[in-house]
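K.L.:
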Amino acid sequence: MAPGPNSLMWFRKGLRIHDNPALEHAANGCDCLYPVFVIDPHYMKPDPATFSPGSTRAGLNRIRFLLESLVDLDASLKKLGSRLLVLKGEPSEWDIKRLCFEYETEPYYQALDYKVKNYASLAGIEVFSPVSHTLFNPADIIQKNGGRPPLSYQSFLKLAGKPSWASSPLVTKLNSLPPIGHVGNCEISEVPIVQELGYEDTGEDELTVFRGGESEALRRLRDSIKDKEWVANFEKPKGDPSAFLKPATTVLSPYLKFGCLSSRYFYQCIQDVQKNVERHTSPPVSLLGQLLWRDFFYTVGFGTPNFEQMRGNRICKQIPWNDDDELLAAWRDARTGFPWIDAIMVQLRKWGWMHHLARHSVACFLTRGDLFVHWEKGRDVFERLLIDHDWAINNGNWLWLSCSSFFYQYNRIYSPISFGKKYDPDGEYIRHFLPVLKDMPKEYIYEPWTAPLSIQTKAKCIVGKDYPKPVISHDSASKECKRKLAEAYELNKKLNGVASNEDLQGLRRKLEEKESQEPRPKRLKQKLISWSPK
DNA sequence: GGACCGTTGGGTGA
DNA sequence: TCACCCAACGGTCC
């Protein structure tokens, strides 16, 4: 009998056994299968210029989550008679005839996969790269829309319709996998620990409460959907962003990000629940609606050149944001002086996750609501710290929240004081993430600077010493933001109204001049104190 | 050119 | 808890 080909299954996202068409195809009828994960220097290269050790792009929490996911994947592969090969070198001696990996839409992978496919084609290697990370193939949606991605959720829904696989079973269960072949001189390792990747051990205090991996994802999924009424009545905007002991959402986002959980499997599970109840909520607010948001942003991100930046981004308003690193640092390091904002930023740093509406609060505050700092700066901080960071979704939401695209009602600003109070009048969330304020009476906990000195003394928290004074006055800052946005929108109208390139460049110059003349934002006079969240 | 809509605003008054 | 106003955006549809 002629030997079958050797296959290489290249894991990137899609860190799972269930609903994994690339793995199925790789395993099908081959002699040897090499399941490989490459520690990608693009993500792992340490950079002393950044504010923390480890990779330039990913914080400790997400890397830990990734490594836990790899350990779990390795364990699952071992149960099937295989194992995960964590690779640092070139697998040159393996005589691979078939290369399988999940299709990726992010620009980085698009460029990488283009090269890989070219190389494979020259080397006579079959490539199988199925779309299985998202519900739909973004390219199909864009084609249906005449070559451009839909820019509203509703038009996306119409174009997308019901996925073709919605009612058919997903790929079969793997019972076993072919053995691993001769490994040769290739440098192979076990799944590393975070210290081996250049991260410092910061102690349990800073570590996320969420564990990575497919097993945990499936456990969490079962747990989330066992309450059928909860699934059927899910309405995202009604969720409580301050709930932290029992979050108001599923917290399946990090598992979807790494593909520990298949979005298609999740879709089918929700669908099964909905079939068996009398009535249920609908997109955009329903649980299924949340999954569709993910696909919406993947589609727009895939079909929009320069999606991750303002300049050269067709769908992004050109806005003369401030370049104020002090304000950015205050926001990033949870010392804006607004407890609601700072508590959310501490949760981000410690947990790598916070409720969607909490993200709205801090993103609005940093950009169009108060500080008028560029959304790309906030995007970078989220990219580093979120365990569920997802390129398309993160950029999409920052475009949304900064009123740069998708959403334009810039008068609707989240109050850094009353928005949180509405959900959590006693300030339990603030007390938990900002223990320095734990004894502040609830009357003052959202605005501690208004507390009489006697109260501050009694609460063992003097504003300006133990906790910062507010970096801006919300009333005047938000007013100023609205004015600047109205002005920028006016300029953008003109920008879009001109046909010739010359005119366009002229207006761009005008915008840039405006940018440089823009006065620094008015701030309450105070020295930013050095303060770090405990 | 006008009506209507848009995942999740704030504030007031009943 | 809900209705209503505030002020008012762009996209879409007619």
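For what it's worth, this note's numbering labels the leading residue of the first sequence as 147, then goes sequentially. The beta carbon of each residue, even a glycine, is placed where N, CA and C say it ideally should be.
#1: Among residues of its own chain, excluding the 5 on either side of W546, which ones have a beta-carbon nearer than 8 Å to its beta-carbon?
#2: Please return the same chain residues whose Cβ sits closer than 7 Å to the Cβ of C510, not counting the five positions on each side in sequence.
#3: So if DSSP puts M681 in a beta bridge, which residue, or which two residues, is it bridged to?
#4: Hey, quick one: how far does the alpha helix (DSSP H) through E574 stretch, first residue to last?
#5: Out of N166, L213, G524, point me to the one whose CA is closest to E336's CA.
#6: Quick one: what does DSSP say V397 is sitting in, helix, strand or coil?
#7: How big is the Cα-Cα spacing for I173 and F274?
#8: Identify every run of the alpha helix (DSSP H) within the segment 360-429, keeping only runs that are complete inside it and at least 4 residues long; order them along the chain.
#9: In the DSSP assignment, what residue or residues form a beta bridge with S335?
#10: Closest by CA to S619, which one among G483, S314, M500?
#11: Using C-beta distances below 7 Å, list every residue in its chain close to L580, excluding the 5 sequence neighbours before and after it, in chain order.
#12: Between L532, P296, W477, which lies nearest to D516 when the distance is taken from Cα to Cα?
#13: In this structure, what does DSSP give as the bridge partners for E272?
#14: Less than 8 Å between the CB atoms is what I'm expecting for L223 and P181, so what's the real figure, rounded?
#15: Just the C-alpha distance for A504 and N321, rounded to the nearest angstrom, thanks.
#16: Applying the criterion that 16 or more other CB atoms from any shown protein chain within 10 Å of the CB defines a buried residue, is I339 buried or exposed?
#17: DSSP three-state label for N647, please.
#18: Let me confirm a value: R365 is counted as buried when at least 16 other C-beta atoms fall within 10 Å, else exposed. Which label applies?
#19: Determine the burial state of A623: buried for a count of at least 16 other Cβ atoms within 10 Å of its Cβ, exposed for fewer.
#20: How is S507 classed by DSSP in three states: helix, strand or coil?
#21: Mind checking who Y613 pairs with in its DSSP beta bridge?
#22: Would you kindly work out how many angstroms separate the C-alpha atoms of D186 and K263, rounded to a whole number?
#23: What are the boundary residues of the alpha helix (DSSP H) that G447 is part of?
#24: What is the rounded straight-line gap between the Cα of P571 and the Cα of K225?
#25: Going by DSSP, what residue range makes up the alpha helix (DSSP H) through E214?
#26: How long is the line joining the alpha carbons of G447 and P466, rounded to whole angstroms?
#27: Mind the definition here: the segment 430-446 touches the segment 281-295 only if three or more C-beta pairs lie below 8 Å; say whether that holds.
#28: If distances are taken between C-alpha atoms only, which option among K630, Q300, R294, W240 comes closest to I87?
#29: Count the other C-beta atoms from every protein chain shown that fall within 10 angstroms of the C-beta of D621, then say buried if there are 16 or more, exposed otherwise.
#30: In whole angstroms, give me the CA-to-CA distance for E472 and I288.
#31: Is the segment 373-388 touching the segment 410-430 in the sense that three or more CB pairs, one from each, lie closer than 8 Å?
#32: Answer with buried or exposed for S314, where buried requires no fewer than 16 other C-beta atoms within 10 angstroms of its C-beta.
#33: Of the choices V317, C549, Q341, G293, whose alpha-carbon is the least far from that of G449?
#34: Spell out the partners DSSP gives N468 in its beta bridges.
#35: Mind checking T251: buried by the 16 CB within 10 Å criterion, or exposed?
#36: Is the segment 242-249 touching the segment 153-163 in the sense that three or more CB pairs, one from each, lie closer than 8 Å?
P.N.:
Checking against the coordinates, here is how it stands:
#1: F552, F553
#2: L547, I559, Y560
#3: The first residue shown for the chain is 147 and the last is 680, placing residue 681 beyond what the model contains.
#4: Element bounds for E574: 574-579.
#5: Comparing alpha carbon positions, the residue from N166, L213, G524 closest to E336 is L213.
#6: coil
#7: In the sequence as displayed, the identity of residue 173 is Ala instead of Ile. A173 and F274: Cα-Cα distance of roughly 12 Å.
#8: 360-371, 374-378, 399-403, 409-421
#9: Bridge partners of S335: V232.
#10: Closest in alpha carbon position to S619, among G483, S314, M500, is G483.
#11: P485, D488, A489, V492, P679
#12: W477
#13: R244
#14: 6 Å
#15: CA-to-CA, the gap between A504 and N321 works out to about 43 Å.
#16: The residue in question, I339, is exposed, as its Cβ has fewer than 16 Cβ neighbours within 10 Å.
#17: With a pLDDT of 48 at N647, under the threshold of 50, the predicted position of this residue should be treated as unreliable, though the coordinate-derived value follows. Note: N647 maps to helix in three-state DSSP.
#18: exposed
#19: buried
#20: helix
#21: For Y613, the beta-bridge partners assigned by DSSP are V609.
#22: 18 Å
#23: 433-449
#24: 50 Å
#25: Segment 206-225, the alpha helix (DSSP H) holding E214.
#26: G447 and P466: Cα-Cα distance of roughly 23 Å.
#27: yes
#28: In the structure as shown, the chain begins at 147 and stops at 680. Residue 87 is therefore absent and cannot be evaluated.
#29: Counting Cβ neighbours within 10 Å, D621 comes out exposed, since fewer than 16 surround it.
#30: 41 Å
#31: Counting Cβ pairs under 8 Å, three or more are found: they touch.
#32: exposed
#33: G293
#34: V519
#35: buried
#36: yes
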